[in-house]
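Scroll down for the structure; my scribbles are underneath it.
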Amino acid sequence: MTIDEAIQHCLEVAEQNETKALSIEGTIIDRVAKDCRECAADHRQLAEWLTELKEAKRLLKAAVEDFDSIYCRLGDACEPMPDCDVCPFIPSGRACNCIWRYANEALKLLND
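With my numbering, letter number 55 in the sequence shown gets 56, and the count goes up by one each step, no holes.
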């Protein structure tokens, strides 16, 4: 199941449970209506979290892909490129293109 399918499933289950709760509210099985409302709320929350996760992964992927095109002065987060002779790691402190130390780990999180 993809993240988009999971989001869609959560929204469908939430809608089904909200509809069911409305149809049986005020009847002898009012407890079931309450359970349906709770289930619907849980699934809406899951859909929201999955949507946030999807956006966070999109932003992380963009950041990883763009990192090599920026100039870096963060010695704790990046490493100089092998051919770099003007680098924040040398005393002059001039910036150069760097490689993000955690790029491979980030890409693994993205399954890319």
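Virtual Cβ for every residue (Gly too), placed ideally from N, Cα, C. No experiment lies behind these values; they were computed from the predicted model shown.
Segment limits, alpha helix (DSSP H) that includes residue 30: Looking at the DSSP string, residue 30 is not in any alpha helix (DSSP H), and its letter there is neither H nor E.
Boundaries (first-last residue) of the alpha helix (DSSP H) holding residue 110: Per DSSP, residue 110 belongs to the alpha helix (DSSP H) from 104-110.
Residue 52, DSSP secondary structure in three states: Helix at residue 52.
Three-state secondary structure assigned by DSSP to residue 20: Here residue 20 sits in helix by DSSP.
Residues near residue 40 by beta carbon distance below 6 Å, same chain, minus five either side: Contacts found: 18.
Cβ contact (3+ pairs, closer than 8 Å) linking the stretch 47-60 and the stretch 22-33: Counting Cβ pairs under 8 Å, fewer than three are found: no touch.
Cβ separation of residue 61 and residue 7, assumed to be a contact under 8 Å, to the nearest whole Å: Taking 8 Å as the upper bound for CB-CB distance, residue 61 and residue 7 are not in contact here, some 18 Å apart.
Supposed close pair residue 23, residue 48 - CB separation, criterion 8 Å: Contact doesn't hold; Cβ gap of about 19 Å is too wide.
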